[in-house]
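Chemist:
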Amino acid sequence: LNVKTTLFVVCSMSTVHIAHIAHLERLKEKSLPVATLRNGGIGFLIGSVVLVLQWNKARKNKQSWEKFKTEWFRYLMKYPLFLTAFTLMYKFLMLIGRQLVGSRGLHSRTGQRLFGRKLSITISAFCCGFFAQRLSPVFSWNWALYALLRSLLGIARLIIPADLQPYPADLYFLVHGCLPWLITYNISTVPASYVHFFKSCLNVNCAPYSVSYEHNHGQLPNCVTTVHIVNGQACLPSFVHDGIKRYKVCLSFYLKFYVLTSLLGGRLKFVKRVLFQPLQSVLKILGQSVRSSLFLFMGFHFPSRIHCLYRYILLAYHRWWKRDAFAVIACNQMWMFLVASAVVGTLCLRLEPSITKRSDIALFSSWRLLEQYIRKCAKLESYDRDTEHHILGNPNLAALLFALSIALTVYVHLSDKQKLKALERSIMTVFLA
């Protein structure tokens, strides 16, 4: 009996010792002043980059230049103010909580936080995120919504068993199938930035869409004036000619994109690789650009020309098969367009060899789809500003969405950080360590 009692006491002391050690290790994290100064410096660097980008954009337009001259200081300081305020509040609450609670609320054998302690930290992150966003607004409502979608993905991966989890890329069939409904048949509600993206990256003229698609009479739109870049050109020559021209634009966009992301992601490592392994570096960036531009090009170009094929089939049926030279070719081809887009988009997604990139593409497309649907419900058109809407322009909405996203991200990170995507894990490690 004495031996059993002694063993029980020793085990109890060892488990308490483990929880106490875990508590002391967490107290060794970066102190409040060090973390605040570090994150404020990172915010200043981000603000400087944004300032340069805004300057480059504003100098091309006189009206934008006048606005830039009055708001340049805000562009520079809002990011360090946001990160400093969030870090200061979050670290202060964490420090107070650790001093008051100590090693209580930790698992006796592993030292991990129990649900009550994780919940209190999550609520603290929510409050800090809300007040930091209200103090220095960094995120618009749509970008805060994107952050919330990414955090909800982490929650889903945490709650749902691994063998039952739906992979985001598998849901891309529905997402890519619904995109043309908003982009083509509701072009008047697509944000101006998205229209500019189509113009600059895909060489698409969206102006005829509002006349040819946004109607209820079911008449098949004229593909020559709608989807052909060169008016008057036959369908097959236009498909080849426009495809080559459009692919060049996509390839140019992704070459610039991957060079820029390589420089920002690992400047010294990328420069060293270019200097010592120039051929391998060029081939790697070229391969990434070719695959990504193929996905973007084929995912848009092929479904957009389904009208040409459909018109040819209908003409062949009525003119050649039924010998009816006076038949009116009138139909509603929207569902065919959506199904073709879903099938082609799913197949094109397989061109991306990285499973992580497939997931990111599906998540980004889902966000864009949800954003456009919300704008449509709010009765906003392309050049209407979200800030002028009584709900979407309310600063509390963006603050609430961001606070929810950071709170959910913190909770998943405390429970099992491997359930988060790499970007969220990096943010948690860099800014909240």
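In the working numbering, the protein residues as written are 5 to 437.
Ideal placement from N, C-alpha and C gives every residue a C-beta, glycine not left out.
(1) Just how far apart, CA to CA, sit TRP76 and VAL348?
(2) Quick check on this structure: which residue in VAL142, ALA160, GLY44, VAL179 has the alpha carbon closest to the alpha carbon of LEU367?
(3) Suppose the cutoff is 7 Å on Cβ atoms and the five residues either side in sequence are ignored; what does the same chain contact list for LYS423 look like?
(4) Can you check whether the CB of LEU149 is closer than 8 Å to the CB of LEU405?
(5) Which class does TYR94 belong to by DSSP, given the choice of helix, strand or coil?
(6) With DSSP run on the structure shown, which of helix, strand or coil describes GLU29?
(7) Would you call the CB atoms of LEU186 and LYS383 closer than 8 Å?
(8) Starting from the C-beta of SER128, find all residues in its chain whose C-beta is less than 6 Å away, skip the five residues before and the five after it, and write them out in chain order.
(9) Keeping to the same chain, check which residues put their C-beta closer than 7 Å to that of LEU152; ignore five residues upstream and five downstream.
(10) Expressed to the nearest angstrom, what Euclidean distance is found between the alpha-carbon atoms of PRO141 and TYR316?
(11) Are the beta-carbon atoms of LEU418 and ILE125 separated by less than 8 Å?
(12) Express the C-alpha separation of LEU373 and ASN190 in angstroms, rounding to a whole number.
(13) Quick one: Cα of CYS182 to Cα of HIS305, how far?
(14) Nearest by alpha-carbon distance to GLU375: which of PRO399, TRP145, MET93, GLY120 is it?
(15) Which same chain residues end up closer than 8 Å to LYS82 when comparing Cβ atoms and leaving out the 5 residues on each side of it in sequence?
(16) Indicate whether the contact test is met: 3 or more Cβ pairs, each with one atom in the segment 256-265 and one in the segment 280-294, closer than 8 Å.
(17) What are the boundary residues of the alpha helix (DSSP H) that includes PRO399?
(18) Taking the alpha carbon of MET338 as the point to measure from, which residue in PHE177, PRO307, LYS66, MET432 has its own alpha carbon closest?
(19) Can you round the beta-carbon distance between ILE310 and MET340 to whole angstroms, since I take them to be within the 8 Å contact cut?
Modeler: Reading from the atomic positions:
(1) 44 Å
(2) VAL179
(3) GLY158, ARG161, LEU162, VAL416
(4) yes
(5) helix
(6) Any reading at GLU29 needs caution, since the residue's pLDDT is 47, under 50, leaving its predicted position unreliable; the model's value is listed next. If DSSP states are grouped into helix, strand and coil, GLU29 belongs with the helices.
(7) no
(8) LEU97
(9) LEU405, LEU408, SER409
(10) 53 Å
(11) yes
(12) 12 Å
(13) 16 Å
(14) TRP145
(15) GLY51, SER140, PRO141, VAL142
(16) yes
(17) 399-420
(18) PRO307
(19) 7 Å
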